[in-house]
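Peer 1: Here it is, the structure, as structure tokens.
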Amino acid sequence: MIYSAAKLRERLEVLHGEYLKAGSRKHLNQMVLIGHSMGGLVSKSQVQDSKDKLWVNVFGTTPDRLNLPQAQLDSLRTYLEYKANPHVSRVVFVATRIGAAISPRAGAGPLAAGWSACLPT
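So, in structure tokens, the structure goes:
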């Protein structure tokens with residue numbers, strides 16, 4: 005999921021740049037993501053700041069306490085550190101179990117609860 009979230013973040017940035025070049029700015033910062041199941045979790049990562057939570061979940065500590073070469077730390081930062089995408093204004097979750105899929109240690113919490121909705125089938 006971490007890899008997929010990073011790839012989505014990259015692709016959304018490319019898409020945003022393409023719309024800027026085309027001169028289409030009316031709704032440029034109002035992207036809406038719709039994610040089903042695991043896609044919902046990947047989409048959720050676009051509206052959150054990771055802080056050091058992923059470092060702690062993966063390595064048991066923060067990056068400054070790891071004895072890794074700077075090149076490796078920089079490579080890992082691509083996947084483990086991110087800010088909320090300012091171009092995404094909303095996320096719609098479909099059949100995504102936010103609270104059960106990610107533990108509170110991994111970052112699920114009030115933000116996730118505020119963004120999720122139960123849709124009738």
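Counting with this note's numbering, you get residues 5 to 125 for the letters of the sequence shown.
Every residue gets a Cβ at the ideal spot worked out from N, C-alpha and C, and that includes glycine.
Could you say if the region 81-100 and the region 32-39 meet the contact criterion of at least three C-beta pairs nearer than 8 Å?
Peer 2: Cβ pair count under 8 Å is three or more, so yes.
Peer 1: Would the beta-carbon of glutamate 17 fall within 7 Å of that of serine 54?
Peer 2: The Cβ atoms of glutamate 17 and serine 54 lie no closer than 7 Å to each other.
Peer 1: What residue ranges within the region 30-113 form continuous beta strand (DSSP E) runs of no fewer than 3 residues, ordered along the chain?
Peer 2: 35-40 and 92-98
Peer 1: What first and last residue would you give for the alpha helix (DSSP H) that runs through glycine 21?
Peer 2: 6-26
Peer 1: Answer yes or no: do threonine 66 and aspartate 78 have a C-beta to C-beta separation smaller than 7 Å?
Peer 2: no
Peer 1: By how many angstroms is the C-alpha of tyrosine 83 removed from the C-alpha of glycine 43?
Peer 2: Roughly 17 Å between the two C-alpha positions.
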